[in-house]
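Asks: Can you keep this structure in mind? I'll have questions shortly.
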Amino acid sequence: MEFNLKIWRQKNAKTKGHFETYHISGIEEDASFLEMLDILNEQLIREGTDPVAVERGCQSSGPVSFDHDCREGICGACSLYIDGRAHGPDDHVTTCQLFMRHFKDGATITVEPFRSAAFPVIKDLVVDRTAFDKILQAGGFISVRTGSAQDANNILIPHDKAEESMDAAACVGCGACVATCKNGSAMLFVAARVSSLALLPQGRPEAKQRAKAMVAKMDELGFGNCTNTRACEMECPKGITVAHIARLNREFLKAKFSD
Amino acid sequence: MTDKLNSKIPEGPLAEKWTKRKSEIHLVSPNNKRKLEIIVVGTGLGGASAAASLGELGYNVKIFCISDSPRRAHSIAAQGGINAAKNYQNDNDSVYRLFYDTIKGGDYRSREANVYRLAEVSAAIIDQCVAQGIPFAREYGGYLANRSFGGVQVSRTFYARGQTGQQLLLGAYAALNRQIAAGTVKSYPRHEMLDLVIVNGQAKGIIARNLVTGQLERFGAHAVVIATGGYGNTYFLSTNAMNSNGSAALQCYKKGAFFANPCFAQIHPTCIPVHGEQQCKLTLMSESLRNDGRIWVPKKLEDVEKLRKHQIKASQIPEEDRDYYLERRYPAFGNLVPRDVASRAAKERCDAGFGVNETGKAVFLDFADAIKRLGHQRVAERYGNLFEMYEKITASSPWEEPMMIYPAIHYTMGGIWVDYDLQTTVPGLYAIGEANFSDHGGNRLGASALMQGLADGYFILPVTIGDYLSKKFAEPKTDVDTKEFIEAEKAVQARIDRLFAIKGKKTVDSIHKELGHIMWNNVGMARDKKGLTEAIKQIAELRKDFYENVNVPGSQFEFNQELEKALRLEDFFEIGDLMARDALQREESCGGHFRVESQTEEGEAKRDDEHFMYVAAWEYKGEGKEPELHKEPLKYEFIKVATRNYKD
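Encoded structure:
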């Protein structure tokens, strides 16, 4: 297969970015999107050292930087906005689990970083998502000291509750919800954590404090408000639903009323 | 045994060793803990749980990771589960049985005392994780559920769907976040350790590169903990994450920490087969699939031919023409034999010409019987997300046709040599989790990596490190402007300058791929003297090629992933060489290490306890010099050493 790739290039956070177009051919249908980018990078590095290409006026900005790691759809590192969709045209996948068979041979594909005020660009397609860590540091935990836990089976959790909590806990922290939301809101991300813990008896003692602190931190870090467009749910690679946002809202209101 | 290899195993009965050691360890009072600094490198299960627990105790911790967030560490990708001797199933499990299974699974090449301690603390890990809010699978009564894994006959594996590693890591990461918020831990994401700094023979800090700005930075502490995982990516293609690397461990080796059993690498039997030359990463399918999936290849070569030409489908091959070779060869354990055994058996069938895909390197993992027996819904509950993942990648549905799988490099049992306290041969330097060598011997059992990472991080290191630090609280903060730090930084700078100066024409990845071929062909599933000798030669040649022809584009002072990869590849050469040397000296077959010269008439691995019942610990002797082998004899006082038998 062959493609024209229109890719966002930006040297660093301080410089302005622009699109560059590249042609790539000889891609297998079974190759993943990131493998295709690996091949492009090999090509760009070779062209950068090829005197003929340089003479022809090839102004390579060097290989394209992009975040990636596990390539199994679980680490949440990959974060590409492809043809106007977070993680590209397939549903319920991270970018690394997107395969070239989902594209038409000869297509032009536009690749951008996840864009949001709270995720500044570091280079090319790499963004800074430490704001997510900061939100979780504000309260996304249960305060238990190492070694002080009781026997695990002393806490009974109905099967369905555990499953529901797990649905929310499946969040990989990629930021697709933020990149997709027109307001740049992190509500689905915050809701996933709040909801997962709120559903479990262990999470109840700190539930109020957690919801308030995490929402306050989200606001402080420049994420937008939720206006219930449900776009986040559509693009979440793990299928986390806005039902969790509803639970977050209930937890948050309960906390506020009891203030 | 040389003096440097004092394993410091406490005297006394097996079950009392840990209690005894804990009672001997000196304590550090809370006001003194505040004066002490600890560097933790790596944020996987080991690193995150250790940093969180140390911070909670009151130490000042700095934690480093190469990713944008601690949560990306590769522990996150572990699917199947975590073992613990809870005996919740009433199937007569116990600490002793978990200990015994782990020693046996490791083919009698791990330390009794370490493994017993691992089994002993396993139950507390589950308690801790549940208290943290990890949504483990539950029975309908609300009690915790379990499943089975390879190499055992009880059900002791706790799991959270096919995402157990993710959930455990998020628990440890949450505990870490709590300490970061409390100010006891300072986090340095996108920082890569490039050297260990030693002052007066003790580990006192690291040199790290800020991966965003490219600056080299110096960090000092009273002790350094390495929790950077394994070195499976030496093979280029593996199930490890793309950024997983052995560099931190290798830098410690170069600064005097011995490297133990480097040749013990685990080849996991159930990975999605290689699809072409453009691939850079292999995907694991959880071992838990072997609970209900049956592994087979056709009995007749003509069926193999037809499959490869797509003239028939696997499901059309009648029962009597299928060879369920694991059930045939190992009736007692069947499809649940340990990983090394299952991998070799797959290779044996494929080498004999029965591989079922175009490349001839795949076997079937079939769920048709399980679907018939359990029904669609129960199979979906157990493996739904794995089936979906398989279908996304291969565009074939396991509900209709069997999966195709083949072995791939997955985990490294070898690592930095540590004593019972998890301290390396360098005072003040500790290694935990996959980065050390201590608990899995020649082969790791499924669901034991998560157990070890968390055992080390939550319950062992935070106690043992106190013994060393109790003598250090009077020492002032480590000054990073001393000659040791300045020289270490200069050496790293020289390494970087050298790489940029080469300006060759080959990409880093293309050379890494060549290294991978050398490793897989000669230091892979079957090893012999000729191939290993050849590998050492080929690696040296490739390394020369690298220093003459590699092209590292861009500059140091920017976000530069090619530079990151080039620095890691330099270290993979050294590790690859060490693996080949270690495999060459170990003239026995043992766990994941199979020497062709050492097998039974039936083709089973033949161990040689008389000559090789030792830990091979390698000492770095300087660039271009051969490393020196030290041997730590393994003594089995409490269990009878036997040939592993999974047949009856």
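Protein sequences appear in the order of chains A and B. With the numbering used here as the guide, the letters of the first sequence map in order to residues 1 to 259. With the numbering used here as the guide, the letters of the second sequence map in order to residues 260 to 907. The beta-carbon is built from N, C-alpha and C at its ideal position, and this holds for glycine as well.
Going by beta-carbon coordinates alone, are lysine 559/B and aspartate 582/B separated by less than 7 Å?
Replies: Within the second sequence, the letter at position 300 stands for residue 559/B. Within the second sequence, the letter at position 323 stands for residue 582/B. Cβ distance not < 7 Å, so lysine 559/B and aspartate 582/B don't count as in contact.
Asks: Counting only Cβ pairs nearer than 7 Å, list the residues of chain A close to tyrosine 437/B.
Replies: Taking the first residue of the second sequence as position 1, residue 437/B is located at position 178. Before going further, note that residue 437/B is arginine rather than tyrosine in the sequence given. Going along chain A in sequence order, the residues near arginine 437/B (Cβ under 7 Å) are Phe141, Ser143.
Asks: Between the beta-carbon of tyrosine 318/B and the beta-carbon of isoleucine 284/B, is there less than 7 Å?
Replies: As a first step, residue 318/B must be located in the second sequence, where it is residue number 59. As a first step, residue 284/B must be located in the second sequence, where it is residue number 25. No, Cβ-Cβ distance for tyrosine 318/B and isoleucine 284/B is not below 7 Å.
Asks: Note down, in chain order, all residues in the region 9 to 33 of chain A with a beta-carbon under 7 Å from any beta-carbon belonging to chain B.
Replies: From the region 9 to 33 of chain A, only Asn12, Glu28, Asp30, Ala31 have a Cβ closer than 7 Å to chain B.
Asks: Could you tell me which residues DSSP puts in a beta bridge with arginine 553/B?
Replies: Your numbering for residue 553/B matches position 294 in the second sequence. Answer by DSSP bridge pairing, in chain order: Asp625/B.
Asks: DSSP three-state call for alanine 168/A: helix, strand or coil?
Replies: For the purposes of this step, residue 168/A is taken as the residue at position 168 of the first sequence. Helix, per DSSP.
Asks: Are valine 456/B and alanine 839/B touching if we call contact CB-CB under 7 Å?
Replies: As a position in the second sequence, residue 456/B is number 197, starting the count at 1. As a position in the second sequence, residue 839/B is number 580, starting the count at 1. Not closer than 7 Å, so no.
Asks: Are the beta-carbon atoms belonging to glycine 464/B and glutamate 693/B less than 7 Å from one another?
Replies: Counting from one through the second sequence, the residue named residue 464/B turns up at place 205. Counting from one through the second sequence, the residue named residue 693/B turns up at place 434. Cβ atoms of glycine 464/B and glutamate 693/B: not closer than 7 Å.
Asks: Taking C-beta to C-beta, are glycine 392/B and glutamate 546/B nearer than 7 Å?
Replies: Position 133 of the second sequence, counted from the start, is the residue given in the question as residue 392/B. Position 287 of the second sequence, counted from the start, is the residue given in the question as residue 546/B. No, these two residues do not count as a Cβ contact at 7 Å.
Asks: Note down the Cα distance separating alanine 875/B from phenylalanine 518/B, rounded to an integer number of angstroms.
Replies: For the purposes of this step, residue 875/B is identified with residue 616 of the second sequence, where counting begins at 1. For the purposes of this step, residue 518/B is identified with residue 259 of the second sequence, where counting begins at 1. Whole-angstrom Cα-Cα distance: 8 Å.
Asks: Listing by chain order, which chain A residues have their CB less than 8 Å from the CB of glutamate 817/B?
Replies: Translated into positions along the second sequence, residue 817/B becomes position 558. Annotation: Cβ neighbours of glutamate 817/B in chain A (cutoff 8 Å, chain order): Lys11, Asn12, Lys123.
Asks: Buried or exposed for alanine 750/B, please, with buried defined as at least 16 other CB atoms from any protein chain shown within 10 angstroms of its CB.
Replies: As a working mapping, residue 750/B is identified with position 491 in the second sequence. Exposed, by the Cβ-count rule.
Asks: Verify whether the separation of the beta carbon atoms of glycine 88/A and isoleucine 142/A is less than 7 Å.
Replies: Taking the first residue of the first sequence as position 1, residue 88/A is located at position 88. Taking the first residue of the first sequence as position 1, residue 142/A is located at position 142. Going by C-beta atoms, glycine 88/A is not nearer than 7 Å to isoleucine 142/A.
Asks: Provide the residue span of the beta strand (DSSP E) that contains tyrosine 717/B, from first to last.
Replies: To locate residue 717/B, count along the second sequence from 1; it is residue 458. Per DSSP, tyrosine 717/B belongs to no beta strand (DSSP E) and is neither H nor E.
Asks: What residue range does the alpha helix (DSSP H) around glutamate 833/B cover?
Replies: Indexing the second sequence from 1 puts residue 833/B at position 574. Counting along the chain, the alpha helix (DSSP H) containing glutamate 833/B begins and ends at 820 to 844.
Asks: Give, in chain order, every residue of the region 103 to 131 of chain A whose Cβ lies closer than 9 Å to some Cβ of chain B.
Replies: Ile122, Lys123, Asp124, Val126, Val127, Asp128, Arg129, Thr130
Asks: Taking Cβ to Cβ, would you say phenylalanine 189/A is nearer than 7 Å to cysteine 177/A?
Replies: The residue you call residue 189/A lines up with position 189 of the first sequence. The residue you call residue 177/A lines up with position 177 of the first sequence. In contact: phenylalanine 189/A and cysteine 177/A (Cβ atoms closer than 7 Å).
Asks: In terms of alpha-carbon separation, which member of Val615/B, Asn904/B, Lys796/B, Leu624/B lies closest to arginine 567/B?
Replies: Taking the first residue of the second sequence as 1, we reach residue 567/B at position 308. Of the candidates Val615/B, Asn904/B, Lys796/B, Leu624/B, the one whose C-alpha sits nearest the C-alpha of arginine 567/B is Val615/B.
Asks: For the alpha helix (DSSP H) containing valine 484/B, name the first residue and the last one.
Replies: Here the question's residue 484/B lines up with position 225 in the second sequence. Where valine 484/B is concerned, there is no enclosing alpha helix (DSSP H), although the beta strand (DSSP E) it sits in stretches over 482 to 485.
Asks: Using 10 angstroms around the beta-carbon of valine 900/B, count the other beta-carbons present and answer buried if the total reaches 16, otherwise exposed.
Replies: Translated into positions along the second sequence, residue 900/B becomes position 641. Looking at its Cβ environment, which holds fewer than 16 other Cβ atoms inside 10 Å, valine 900/B is exposed.
Asks: Classify glycine 184/A as helix, strand or coil using the three-state DSSP reduction.
Replies: Here residue 184/A is taken as the residue at index 184 of the first sequence, counted from 1. Three-state DSSP puts glycine 184/A in coil, outside helix and strand.
Asks: Among the candidates Met663/B, Thr443/B, Arg370/B, whose CA atom is the shortest distance from the CA of serine 312/B?
Replies: Taking the first residue of the second sequence as position 1, residue 312/B is located at position 53. Minimum Cα distance to serine 312/B is reached at Thr443/B.
Asks: Under three-state DSSP, which class holds methionine 260/B?
Replies: Within the second sequence, the letter at position 1 stands for residue 260/B. Its pLDDT being 47, under 50, methionine 260/B is placed unreliably by the model, and the measurement read from it follows with that caveat. The answer is coil: DSSP assigns methionine 260/B none of H, G, I, E or B.
Asks: Mind listing, in chain order, the continuous beta strand (DSSP E) runs of no fewer than 3 residues lying wholly within the region 293 to 353 of chain B?
Replies: 296 to 300, 319 to 323
Asks: Beta-carbon within less than 6 Å of serine 503/B's beta-carbon, same chain only, minus the 5 sequence neighbours each way: which residues are those?
Replies: Position 244 of the second sequence, counting from 1, holds the residue named residue 503/B. The beta carbon of serine 503/B sits closer than 6 Å to the beta carbons of His333, Gly488, Asn492 from its chain, once the five residues preceding and following it are set aside; these are given in chain order.
Asks: Using a Cβ cut-off of 9 Å, which residues of the region 381 to 396 of chain B contact any Cβ in chain A, in chain order?
Replies: Ala382, Ala383, Ile385, Asp386, Gln387, Cys388, Val389, Ala390, Gln391, Gly392, Ile393, Pro394, Phe395, Ala396
Asks: Does any CB atom of chain A fall closer than 7 Å to the CB of isoleucine 298/B?
Replies: Residue mapping note: residue 298/B aligns to position 39 of the second sequence, counting from 1. Proximity of isoleucine 298/B to chain A, defined by a Cβ-Cβ separation below 7 Å, is not satisfied.
Asks: Output the boundary residues of the alpha helix (DSSP H) element that contains asparagine 780/B.
Replies: Counted from its first residue, the second sequence places residue 780/B at position 521. Asparagine 780/B -> alpha helix (DSSP H) spans 767 to 781.
Asks: Is DSSP giving methionine 234/A helix, strand or coil here?
Replies: Numbered from 1 along the first sequence, position 234 holds the residue referred to as residue 234/A. In this structure, methionine 234/A counts as helix in the three-state DSSP scheme.
Asks: Ends of the beta strand (DSSP E) at threonine 653/B?
Replies: In the second sequence, the residue the question calls residue 653/B occupies position 394. Unbroken run through threonine 653/B is the alpha helix (DSSP H), 635 to 653; no beta strand (DSSP E).
Asks: Since aspartate 678/B and asparagine 265/B should fall inside the 8 Å C-beta cutoff, what is the C-beta to C-beta distance between them, to a whole number of angstroms?
Replies: Counting from one through the second sequence, the residue named residue 678/B turns up at place 419. Counting from one through the second sequence, the residue named residue 265/B turns up at place 6. Confirmed, about 6 Å.
Asks: Ignore the nearest five residues each way along the sequence and tell me which others in phenylalanine 816/B's own chain have a CB closer than 8 Å to its CB.
Replies: Walking along the second sequence from the start, residue 816/B turns up at place 557. Closer than 8 Å at the Cβ level, and outside the excluded window around phenylalanine 816/B, lie Thr472, Gly473, Gln474.
Asks: Give the residues of chain A in contact with isoleucine 335/B, contact being defined as C-beta atoms less than 7 Å apart.
Replies: Mapped onto the second sequence, residue 335/B falls at position 76. Annotation: Cβ neighbours of isoleucine 335/B in chain A (cutoff 7 Å, chain order): Cys70, Ile74, Cys75.
Asks: Starting from glycine 464/B, follow the beta strand (DSSP E) in both directions and report where the run begins and ends.
Replies: Your numbering for residue 464/B matches position 205 in the second sequence. Start and end: 461 to 469.
Asks: From asparagine 291/B to glycine 479/B, what does the alpha carbon distance come to, in whole angstroms?
Replies: What you label residue 291/B is simply residue 32 of the second sequence in a count that begins at 1. What you label residue 479/B is simply residue 220 of the second sequence in a count that begins at 1. Cα to Cα, the separation comes out at about 17 Å.
Asks: Alpha carbon to alpha carbon, how far is leucine 893/B from methionine 778/B? Give it in angstroms, no decimals.
Replies: Here residue 778/B is taken as the residue at index 519 of the second sequence, counted from 1. Here residue 893/B is taken as the residue at index 634 of the second sequence, counted from 1. In a straight line, the C-alpha of methionine 778/B is about 28 Å away from that of leucine 893/B.
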